[in-house]
Structures are given as structure tokens and as C-alpha cells.
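Asker: Under the working numbering, the sequence shown has 552 at position 305, and the numbering climbs by one with no breaks.
I'd like to ask you about the structure that follows.
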Amino acid sequence: MTDFTMATDADGVATITWDVAAKSMNVMSTAGFALLSDLVDQALADPGVKGIIITSAKKDFAGGMDLNVIAQMRAGGAQAIFDGVMTMHKVLRKIELAGMDPKTKKGAKPIVAALPGTALGIGLELPLSCHRIIAADNAKAKIGLPEIMVGIFPGAGGTTRLARKMGAMMAAPFLLEGKLSDPKAAKAAGLIDEVVAPEALLARAKEWVLGAKDADLVKPWDDKGYKMPGGAPYHPAGFMTFVGANAMVHGKTMGVYPAAKALLAAVYEGALVPFDTALRIEARHFTSVLMNPSSAAMIRSLFINKEALEKGANRPEAPDQSVKKVGVIGAGMMGAGIAYVSAMAGIDVVLIDAAQEAADRGKSYSEGLLDKALQRKKTTPEKKAEVLARITATTDYAALAGCDLIVEAVFEDVKVKAEVTAKVEAATGADCIFATNTSTLPITALAKASARAENFIGIHFFSPVDKMMLVEIIKGKATGPRAVAKALDYVRQIRKTPIVVNDARFFYANRCIIPYINEGIRMVAEGVEPALVENAAKLVGMPLGPLQLVDETSIDLGVKIAKATRAAMGDTYPDGAVDEVLFWMADAGRLGKKSNSGFYAYDATGKREGLWDGLAAKYPVAEAQPELTLVQHRLLMAQVLEAVRALEEGVLTDIREGDVGAILGWGFAPWSGGPFSWLDIIGALRAVEICDSLTATFGDRFATPALLREMAAKGETFYGRFGGAAKAA
Ligand code: NAD
């Protein structure tokens, strides 16, 4: 174990260097923590050591805790977690007090954290226990506590220390939103103490250690008369902060995220007691969050599995397929976005539309986004020029020569797409991969227009392309492995998260989201109070209620999809009741947000005002309203059962993709870790019970899938049966 090593120089400054072997980024393990503790003990006990620098031999300081440590702690149960966390607190507290005499507040040895780059999670909690944090001026470095993003919160003293250092109000964005800052911004916010030139980092750290006075080594909360900045809960200003923070957090999270509640409780309760008691309180809340299945599911989907998919967990064996020149056909809303993200990733782009004017408009979309970034100082004029220079807007297919990937985003029309396919193939080499961004047309059918069906694939982006992180890759019957590898390598280049699915109506994401919208509309037709529908969805963690969602995506698009689906399904089409509402709205010109009228009312500027009161005249609200839970079960099961069916039918081949895709693609209740994780949390037995009861009342669309029934009988879970990492098929 050599995660940390220590060397003491002639001036008596000991440098503890973090350098985990065979990893590009330092992560903290249990053994690493024990070694750090031993080295600190040695340095504190050694009369020849005047002070300590803790730094890293890598370009970054640390990425956080090794997630295996968290998994191990969890396996041992609540007591093991609590004991493990208290051990960490003890070590960090030892660093913070550094041998100080508790009465005189004298005699501590200065300990400084010197951060060459990124410092996240425990990689910042350790520095927060030191007496000073000095960071190298490195614009690429990210400093912060991102734990909340994966369903936990900073549990190694970060919560308690940051709240006491900055005050609850100022600490809120860092603790509650996981805000990350570069060193300069971190210094401005008071997260760290000093930023110096990278080459001066260790010299400045040493200078500080040698010049530190006793008073520099006493943390404010260890000093007499400490008062929390901004006020503790019973201070008038503090009272306002805590009441406001509670309301704000509840408003944003609807109470479904255990970590946000526990974090607030730890800060509030901790602020009322002495520091060491506050750490125990933090440890208790942290234990309770780690024991909550939501945190395990969130870490699994949003961290471990998301990263595995991004690294190519389902990539077929093939040489590197990185894209050098991409042709984007159709410079409308999607094509313009695809051109932008590609150019941002350093790929040359040929952006083609039927008219030069349309192609230019598509390119100017990138200009608009770059101008905004410029205003926010997120880019430079040079970078803007560089990105724009990579995009050639034209009508000339000859410009596609040399493209190794085409992404087609023309009108959703089989004939138009077929014509474009033929034109592209005449202008490109035999190796070029052709991807269509269709959202509804089967890939296998579209591939018929191609002379190279093994090179034909679906790359389905979500709108707006620059913001949505999921890309759904769809394999047609004839799609070959190199096309899949190409699509995955491209998605990695543009830094999005891919899932790979087989060809079927609506692929995966839209297949699940359409029934969610439909179930909401169906309830309106039944006389369920629309506000109940919307709030039930939000209270179970959906970012948008189904009615707001259809307003955003537009009601005429819903009508178009409904008509096409009915044409394809014939007599088996199940959504007549939904169409009645949808077609009525469309006929009345209420097309959703884009027409400033839909299920919601909007003011002249497009601001959503509230549910449209005209709805009740046509669909009167019934006197007897359903229980909240029943509405939630209908809304969740409408989506989740489609996910299970997609798995049963082989559209999905990996439940990790089903879960990650659901959260990133349409915002499926992130607290649950995704549809399969949610089913595992409630258990197959309970899921079957819910489905059977919904089927009895509402019909076969809730019919329990055979797979789920079988799993309930055998007492299985999805992640148990299909494996955290293994394929479902
Ligand atoms: P859009 O109408 O905004 O853009 C289509 C563009 O294609 C237009 O600029 C049009 O001039 C151009 N075009 C039409 N025929 C052409 C031809 N023969 N040659 C060259 N250019 C031609 O549509 P959009 O919303 O960007 O959708 C494009 C594709 O992406 C569709 O297949 C759609 O289903 C799919 N898609 C859309 C969304 C979405 O949210 N809008 C999401 C995912 C996928």
C-alpha cells in the first residue's frame, strides 16, 4: 500500500504525497485512509517536523471516495457505516487539531493542502480539515462536493465544515446542488484560501507552513465565541435562511430525495451543537442515507453504470472509429444542434440542407449558442471562430467527400429520407457509416433505401441536442458491428451517454414516454382533476407532469404520432380515449407551448400561468377523485411496464441501459435509479400486486409481464437476475 508517501526536508516540512498506483486519478480507499492516518501520527509525533503539506503526485488532487468503500460499508449494515464514518471523522479531526493544546489553543503543527488540480468529494473534505487550502491556478480543475448528484451528501465532515466556514446560505449551492468551481471561483466563494501559479504551489505551501502562527491554526469553530456566518437557526437572520432553505429544497425535490432532506437536517441540527457533536449528527444522517435503497440505486445508475456505458461497455470489438468529418443532412432544429455538438468536439462538419439559406440558418444556430457562451465568459472569441470554421454550410452533396459518418436529420418522411440516403451514398465512400436521427420510423425499413445496410444505423438525439445527455443508438436487422462501434465512438467524442437498443416501434425512450403522456391525458378524459395528475407525477419525482410535457413537445406532434401509430396497429390500437382529447385540443388550435395555449394557459410572453380552466367545460372534474398513490401507480407503471416489455422483447439487452437511458432521456424519477431499479426497490411481488389491481380496474395495458410474474414467484430482483454488469439477454 503506497497510496500516500511521506518525505521530510531539511527545514522540517513533511510532505505527504497522494499517488494511488495504476490509477490516473486518486481515490480514497479504507487502507489509504489508514495509511494517511499513520503518516500524520508520525509527523505530529516527530519533533523534527514543523509542519505538513498534503499534496498529490498526479495532475489532480483526488476524484473522491472509492465507491467500493461505500459498497463495503453498506454491506456491513448501519453500525458498520456509522463506525466507518466516525473513524474518518477521527482522522480528519486529528489533522484539524494537529496536536493543539485544547486550553491554550497553542502548539498545533500547521497542515496545508496543496491542490494541483481537481479536488472532489473526500478530495475536498480532507483539505477542508487542513489549516489552509492552496490551489494551483488551473482552469481545468474542478473543486467541490458533488455527492448530492448521486443521491448521497458529503459525509466526511464536508457538510459540517462547509456550513460552519461559509454559513448555511453561502454553502447551499456547494452542498445542495453539488456546484463545482475552478480554483479562482472557489477562492472567490471562500471555498479555498489561495490560488498560486502551478509551479509555485509547493514552494508557497512550504512558505505558509513555516510562517504560520498559532492563531492561524485554530479553526473558527474551535475558537471561543464562534458564531455561524449568516446566523445559526435561532438567530433572526439564520432563522430566515433555514426556513427559506427548507422550503426551497422541498419545492425543488418534492421530498423524494432522502439525501437532500438528510443534508439539511445535518446542517440545521449540527448548527445547534458543538462541532464534535455536529460531526456525530452528520454521521448518523449519512448512515441513514446510505441505508436508503434510493442512494444505492442512484450511485449505481448515475455514476457507476453511466460511466461504464460511456466507456463502451456494450461496444463491439472493432478498431478505433473516432469520427473526423461528419456530414449532417437537414439543418433544422435537430441538424443544427448535431452540427454544433460535433464542431464543439473538434469534428469537421458539413451541414447540408435543400436551400443554402436553410443551411446557413442551421449554422447560425451554433453562432447564437457561442455568442451566449461568450457573454457568460464560457468561451473566447478565438474558440468561437475555431468552432464556426469547422462547420461548412452548403447544399452541395459533393462536399460530403471524405466524411466517415453521416447523420441524417431531414423531415420525418420515408420518401424524403430514402432520396437523401441514395444521394449521400453516391457522394461518400463505401466505409462511411450512415445514421438516421429518426424518432419514429423503423431503422430496418429505412435501411432498405441503402445499398450498404450493414453501415446503416439509428443515432437518435433528444431535443435540445446541446443540453440532452442521452443518445439512443438503434441497430437495424442488418446493422453491422463497425457501425455500432462508430456510433459509440462518436457519442464518446461529443461527450454524451449512449445506450444501444434493437429496432422496434419508438425504440426505447419514446416507447416509454408516450404511454406516460397518454395515461395523463386519459385521466383528464375520465374526470381526474388535472392538477392532481400533474402534482402526482411531480411528487413521485418526475420533472414534468404528463400534461406539461405534451405542451412542451407540442400537441400536434402528439396527433401526428397517434395517427401514424393507429395506421400501423389497426384494430389493436389502444389509445382512442386519449386521441379524443388530443384531437379536440389540436382542432381548437391549442398546440401547446409553441402556440401559447395547451393543457396550460400562457401569457403573451409565453410564460406558463397554470392549468387551462377551459378544460373542465369539456371534461368535467368528477366528484370522487382517486387516491394520490393510485394516480402515481398509473403514471409510473405506464412507463415501467414498457421498459420491462422492451427487455422481454429484446429491444433492450442490458438493464443498465434501461435505467440510465430512462433518467437521462426523459427524466424518469432519478431518485429511483430508473425503472428497473424502482421495481427492485418495491420488489417484484409488490409490482405484480399493483399491476394486477390496475389491470382489473383499467384494462390490459397494465397486464403484468410474464417476466415480472416469474421473478415474483422466484423472489428475484432485476439486478440480482440480470447482474449489475451482465447483459440481460
Ligand atoms: P425540422 O423540420 O426542424 O428540420 C428538418 C430540416 O431538413 C429542414 O431544415 C429541411 O429544410 C431539411 N430538409 C428536408 N428535406 C431535405 C432534403 N431532401 N435535403 C436536405 N435537407 C432537407 O425537423 P427536426 O425537428 O430537426 O427533425 C429532423 C429529424 O429528427 C426528424 O426525422 C425527426 O423525427 C427527428 N427528431 C426530432 C426530434 C425533435 O424533438 N424535433 C427529436 C429526435 C429526432
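Backbone N, C-alpha and C define an ideal beta-carbon position, used for all residues, glycine too.
Predicted model only: the values in this text are computed from it and were never measured.
So what does DSSP say about PHE915, is it helix, strand or coil?
Answerer: PHE915 falls in the coil class under three-state DSSP.
Asker: Using the three-state DSSP reduction, which class does LYS630 fall into: helix, strand or coil?
Answerer: Three-state DSSP puts LYS630 in a helix.
Asker: Restricting to Cα atoms, I'd like to know which of GLY845, VAL787, GLY774 and GLY788 is closest to LEU804.
Answerer: Cα-wise, what sits closest to LEU804 is GLY845.
Asker: When you compare only the Cα positions, how much space is there between LEU519 and LYS337?
Answerer: So the two alpha carbons sit approximately 21 angstroms from each other.
Asker: Does the distance between the C-beta of MET581 and the nearest non-hydrogen atom of the ligand NAD fall short of 7 angstroms?
Answerer: Yes, the ligand NAD has a heavy atom inside 7 angstroms of this Cβ.
Asker: Identify every run of the alpha helix (DSSP H) within the stretch 654-720, keeping only runs that are complete inside it and at least 4 residues long; order them along the chain.
Answerer: 661-674 and 690-693, all fully within the stretch 654-720.
Asker: Mind checking whether the beta-carbon of GLU659 lies closer than 7 angstroms to any heavy atom of the ligand NAD?
Answerer: Yes - the ligand NAD has a heavy atom lying nearer than 7 angstroms to the Cβ of GLU659.
Asker: Distance, Cα to Cα, THR255 vs ILE358?
Answerer: Whole-angstrom Cα-Cα distance: 13 angstroms.
Asker: Between which two residues does the alpha helix (DSSP H) harbouring ASN385 extend?
Answerer: Premise fails: ASN385 is in no alpha helix (DSSP H) and is neither H nor E.
Asker: For GLY805, does the three-state DSSP call read helix, strand or coil?
Answerer: Note: GLY805 maps to helix in three-state DSSP.
Asker: In this structure, how does DSSP classify VAL898 when only helix, strand and coil are distinguished?
Answerer: In this structure, VAL898 counts as coil in the three-state DSSP scheme.
Asker: Taking all protein chains shown into account, do 16 or more other C-beta atoms lie within 10 angstroms of the C-beta of TYR966, making it buried, or fewer, making it exposed?
Answerer: Result: buried.
Asker: Is THR642 helix, strand or coil by DSSP?
Answerer: In this structure, THR642 counts as coil in the three-state DSSP scheme.
Asker: List the residues that DSSP assigns as beta-bridge partners of TRP265.
Answerer: According to DSSP, TRP265 bridges with PHE251 and SER303.
Asker: Can you tell me where the beta strand (DSSP E) with VAL748 in it begins and where it stops?
Answerer: Element bounds for VAL748: 744-749.
Asker: Taking 7 angstroms as the cut-off, is the CB of ASP607 close to at least one heavy atom of the ligand NAD?
Answerer: Incorrect: ASP607 has no Cβ contact closer than 7 angstroms to the ligand NAD.
Asker: Apart from the five residues just before and just after ALA732, which ones in its own chain have a Cβ nearer than 7 angstroms to its Cβ?
Answerer: Once the five neighbours on either side are set aside, the close Cβ partners of ALA732 are ARG562, PRO563, ALA565 and GLN568.
Asker: Give a single yes or no on whether ASP615 has its beta carbon closer than 7 angstroms to a heavy atom of the ligand NAD.
Answerer: Contrary to the premise, residue 615 reads as Gly rather than Asp in this sequence. No.
Asker: Determine contact between the stretch 537-555 and the stretch 887-907, defined as no fewer than three beta-carbon pairs at a distance below 8 angstroms.
Answerer: In short, these stretches touch, since the Cβ pair count reaches three.
Asker: When you compare only the Cα positions, how much space is there between HIS880 and ILE910?
Answerer: C-alpha separation (whole angstroms): 18 angstroms.
Asker: Span of the alpha helix (DSSP H) holding ILE928?
Answerer: Where ILE928 is concerned, the enclosing alpha helix (DSSP H) stretches over 922-929.
Asker: Could you tell me whether the stretch 691-698 touches the stretch 524-531, using the rule of 3 or more Cβ pairs below 8 angstroms?
Answerer: Verdict: no, contact absent.
Asker: Which of helix, strand or coil does DSSP assign to MET501?
Answerer: Three-state result, MET501: coil.
Asker: Whole-angstrom Cβ separation of ILE768 and VAL825, contact assumed at under 8 angstroms?
Answerer: Right, their Cβ atoms sit about 5 angstroms apart.
Asker: In the structure shown, what three-state DSSP assignment does GLY946 receive?
Answerer: DSSP places GLY946 in coil when its eight states are reduced to three.
Asker: Round the Cβ separation of ALA638 and VAL596 to the nearest angstrom and send it over; I've been treating them as touching at under 8 angstroms.
Answerer: The sequence given here has Ile at residue 638, not Ala. Rounded, the Cβ-Cβ distance is 5 angstroms, consistent with contact.
Asker: Nearest CA to the CA of GLU870: which residue from GLN886, THR876, VAL775 and GLY792?
Answerer: Nearest option by C-alpha distance: VAL775.
Asker: Since I believe ALA436 is in contact with ALA492 (beta carbons under 8 angstroms), could you give me their beta-carbon distance rounded to a whole number of angstroms?
Answerer: Their Cβ separation, rounded to whole angstroms, is 17 angstroms, which puts ALA492 and ALA436 out of contact at 8 angstroms.
Asker: Taking the CB atoms as reference points, tell me whether VAL634 and ALA590 lie closer together than 8 angstroms.
Answerer: Yes, the Cβ-Cβ distance between VAL634 and ALA590 is below 8 angstroms.
Asker: Which stretch, first to last residue, makes up the beta strand (DSSP E) that contains LYS572?
Answerer: Here the beta strand (DSSP E) through LYS572 covers 572-576.
Asker: Given PHE522, which residues of its chain have a CB within under 6 angstroms of its CB, disregarding the five upstream and five downstream residues?
Answerer: For PHE522, where only same-chain residues beyond five positions count, the Cβ hits under 6 angstroms are TRP468.
Asker: Check the C-beta distance from MET545 over to SER710 and give it rounded, since I have them as a contact under 8 angstroms.
Answerer: With 8 angstroms as the limit, MET545 and SER710 do not qualify as a contact, their Cβ atoms being about 25 angstroms apart.
Asker: Along the chain, where does the beta strand (DSSP E) that runs through ASP595 open and close?
Answerer: Counting along the chain, the beta strand (DSSP E) containing ASP595 begins and ends at 595-599.
Asker: Report buried or exposed for ALA975, applying the criterion of at least 16 other Cβ atoms within 10 angstroms of its Cβ.
Answerer: Low confidence applies to ALA975: its pLDDT is 40, below 50, so where it sits in the model is not reliable, and the reading given next is rough at best. Counting Cβ neighbours within 10 Å, ALA975 comes out buried, since at least 16 surround it.
Asker: My output table needs one value for MET312: the three-state DSSP class, helix, strand or coil.
Answerer: Note: MET312 maps to strand in three-state DSSP.
Asker: Can you tell me whether SER569 is helix, strand or coil according to DSSP?
Answerer: DSSP places SER569 in coil when its eight states are reduced to three.
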